[in-house]
Every structure is written in C-alpha cells, then in structure tokens.
Amino acid sequence: MRVLAVGVATLDIINTLGAYPQEDDELRALAQRTGRGGNATNTLVVLSRLGHDCSWAGMLGDDAASRRILHDLHEHQVNTQWVCVHPGGVTPTSCILSSQATGSRTIVHYRDLPEYDAAAFEAIDLTPFDWLHFEGRNVPACEAMLKRVRQMLRPPTVSLEIEKPREDIERLLPFADVVLISRAYAAARGCADSERLFKLIRPLAGSALLFVAWGKAGGWLQTADGVNRHRPSLQPPVVVDTLGAGDVFNAGVIHGLLEGKAPVEALATAVRLAGEKCGRQGLCLAPE
Ligand code: FRU
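If you read the sequence shown in this note's numbering, its first letter stands for residue 599, the second for the next number, and so on.
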C-alpha cells in the first residue's frame with residue numbers, strides 16, 4: 599500500500615549510559631551511535647520494512663547531516679521526491695541519553711529550520727496514496743494540508759499524531775480518521791489514564807479511531823461508538839532501547855489497518871511491534 603507521511607527527520611546522537619546521570623555530572627558513555635531519527639521518518643522506515651511503498655514529505659537542512667538522512671531513507675526504500683531542502687538550513691539534531699539501567703531515553707532536541715509548509719504540500723499529487731500520516735506540528739500549516747485532503751473526491755485514510763501539547767493542536771482533530779496520541783500529551787493535559795484522555799479528545803475528534811500507547815501498561819483504543827479496548831504490552835526479556843517505540847507503535851497501527859484488520863487487531867500488532875523494538879537496539883524489526 600502507498601503511504602505518505604508529513605513530519606520530521608533529525609540527526610540523532612545517542613549516548614548509551616549505564617544509568618541516567620545527576621545534574622552537573624561528568625561521565626563516560628558506554629557507546630555512541632549517530633543516525634537518522636524523527637517521528638514521521640521512523641514510522642515510514644518501519645512501514646517500508648513491513649512491505650509498504652513509502653514517501654516522506656518534510657524539510658531538510660543543506661548540510662552533511664541531511665545528506666546522511668537522505669541516504670538512510672533511500673537505503674530503506676523511502677521515496678524523498680517531495681522533500682524540501684532549505685538553502686543554508688541546518689538539520690535538526692537530538693542529543694539522546696539512553697539508560698541501560700531502565701531502557702529510558704531522554705531527548706534534547708535542537709531545531710532551527712522552517713517547518714514543511716502547505717505550499718510545498720500543495721505540489722504533491724495525493725491521488726495514488728492509500729494513507730496519509732501527519733505529525734501534528736505546525737498547526738496552521740498542518741490544518742491547511744488537512745483541509746486540502748478533505749476536499750478530495752476520494753481522500754486516502756488520514757492519521758494524525760498528537761505527541762506534544764502544542765498550541766491549538768486540537769484544531770487538527772476533526773480532520774483525522776485515526777488519531778495516535780502519546781502518553782506525554784495525555785500527561786500534559788492532566789489525564790492519568792486513557793479513559794480520561796479519550797473523554798477529553800472524543801468530542802473534538804468526530805468518529806475517528808483513537809489510539810494511545812501507554813508504555814508497560816500496553817495500548818488502548820477507542821472506537822467511534824465510545825467503546826474502549828486494551829491490549830497488554832509485550833515485555834521483552836530485557837528493555838534495551840525505548841527510543842522510537844512510539845513511532846513503531848504508530849507504524850503498527852497503520853500497518854494493521856491497511857491490512858484490513860479490525861482496530862483491536864491493529865492495536866495488538868502495534869503493541870507487539872513496539873514491545874519487540876524495546877528489546878532491541880534501533881528500529882530493526884523481526885520478521886512477521
Ligand atoms: C523518537 C524521535 C527521535 C527524534 C525525536 C524527535 O521518537 O523521533 O528519533 O530525535 O523523537 O522528537
């Protein structure tokens with residue numbers, strides 16, 4: 599199936615530590631790796647590994663890091679024809695501390711690059727796509743893109759990731775068929791559990807399917823009729839690396855639904871893939 603995602607790519611600099619440091623500590627990392635990251639492109643790389651024909655629409659800087667990102671995406675068969683390169687722009691970076699003691703990842707992100715805009719999106723022929731995935735970021739631009747999609751005669755299925763509590767981000771909800779919400783967003787909105795989160799989101803999201811990944815507690819889904827379903831998490835023998843687990847969860851939901859599975863089965867696929875990922879370094883997947 600053909601999937602287009604609009605969102606970001608970053609250069610991730612990942613330091614593995616025995617345990618998370620104290621403020622003002624000085625310590626040596628056990629290992630360091632650098633590579634491409636970013637929610638939308640992480641999700642696409644996983645979807646591509648699952649057999650989908652993936653394209654990325656996003657903004658890159660004009661530097662060595664962006665060439666590295668493009669190389670990585672091409673290695674994963676992700677089409678980059680809709681990518682914009684900002685002249686003189688610097689690729690966003692994330693400095694990440696990955697703790698071996700807990701598997702947690704702490705991300706410090708630096709960005710000084712314009713967001714992908716609605717004019718660039720306008721140039722894309724959307725008719726061949728089966729699925730459009732949006733990272734809910736720059737709200738006015740994202741809203742313009744979503745409005746364009748809703749004007750299509752036969753719009754593809756639209757998923758929207760709500761990861762951070764950005765100003766007015768809830769304005770995007772009525773345009774999505776599938777909403778992928780993070781636990782971080784839930785926490786920022788004062789929701790201690792998925793039930794409260796869905797109560798808050800449902801009136802704004804029409805008949806969309808709502809999904810949330812809740813780490814070790816598993817994943818939840820709410821269907822349009824207000825029924826909540828849960829699938830427990832898959833606990834790997836050792837939690838090695840949780841970086842990108844949410845992006846893998848999102849890919850699992852999209853993959854499951856694209857395969858025609860019932861929403862609760864797509865949720866089961868998503869928690870399984872995300873759990874397996876936490877037992878492994880990086881995004882690589884075990885065969886289905
Ligand atoms: C993981 C991730 C990293 C990236 C950061 C961007 O979900 O996509 O790869 O650095 O989040 O917010």
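Beta carbons are placed, not taken as given, at the ideal position from N, Cα and C, and that holds for glycine.
Just so we're clear, the structure is a prediction, and the values are computed from it rather than from any experiment.
query	result
Is G817 helix, strand or coil when you go by DSSP?	strand
Per the DSSP calculation, G635 is bridged to which residue(s)?	T608
If we ignore side chains and look at the alpha-carbon of each, how far apart do D845 and R748 end up?	25 Å
Mind listing, in chain order, the residues whose beta carbon lies closer than 7 Å to a non-hydrogen atom of the ligand FRU?	V606, T608, D610, G635, G636, N637, N640, S692, I694, I705, H707, L841, G842, G844 and D845
Rank V869, R703 and S646 by C-alpha distance to the C-alpha of T833 and give the top, closest one.	Contrary to the premise, residue 833 reads as Gln rather than Thr in this sequence. Here the closest residue by C-alpha is V869.
Is DSSP giving C789 helix, strand or coil here?	coil
Less than 7 Å between the beta carbons of E741 and L770, yes or no?	yes
Compare the beta carbon distance of Y783 and P801 with 7 Å and say whether it is the shorter of the two.	no
For Y714, count the other beta carbons within 10 Å of its own beta carbon; 16 or more makes it buried, fewer makes it exposed. Which is it?	buried
K875: buried (16+ other C-beta within 10 angstroms of its C-beta) or exposed?	buried
Helix or strand or just coil, what does DSSP make of T867?	helix
Can you tell me whether M743 is buried or exposed? The criterion is at least 16 other CB atoms within 10 Å of its CB, across all chains shown.	buried
Roughly how many whole angstroms lie between the Cα atoms of I667 and V606?	11 Å
Distance check for L625 and A603, CA to CA, integer angstroms please.	38 Å
Exposed or buried, what is M657 when buried is set at 16 or more other beta-carbons lying within 10 Å of its beta-carbon?	buried
Could you spell out where the beta strand (DSSP E) holding R746 opens and where it closes?	Premise fails: R746 lies in the alpha helix (DSSP H), V737 to R748, not in any beta strand (DSSP E).
Between A662, V644, V683 and D670, which has its C-alpha nearest A655's C-alpha?	V683
Check whether the Cβ atoms of L795 and V777 sit closer than 7 Å, and answer yes or no.	no
Kindly give me the distance between the Cβ atoms of N637 and L881, rounded to whole angstroms, as I take these residues to be in contact under 8 Å.	Not a contact, Cβ separation roughly 12 Å.
Measure the beta-carbon distance from L839 to L807 and round it to whole angstroms, keeping in mind my assumption that it falls under 8 Å.	The residue you asked about is not Leu; residue 839 is Asp in the sequence shown. Actually they are not in contact, since the Cβ atoms of D839 and L807 sit about 28 Å apart, beyond 8 Å.
Could you give the DSSP three-state label for I895: helix, strand or coil?	This structure cannot settle anything about residue 895, because the visible part of the chain is limited to 599 through 886.
Please report the distance separating the alpha-carbon of T700 from that of A629.	16 Å
Sorted by chain position, which residues of the same chain lie with C-beta nearer than 8 Å to K814's C-beta, five sequence neighbours on each side aside?	S831 and Q833
Out of curiosity, what's the CA-to-CA distance linking I779 and V810?	5 Å
Classify R703: buried if its beta carbon has 16 or more other beta carbons within 10 angstroms, exposed otherwise.	buried
Taking the alpha-carbon positions, what's the L711 to W818 distance?	34 Å
With H, G and I counted as helix, E and B as strand and the rest as coil, what does DSSP make of H731?	strand
For the alpha helix (DSSP H) containing A662, name the first residue and the last one.	A662 to E673
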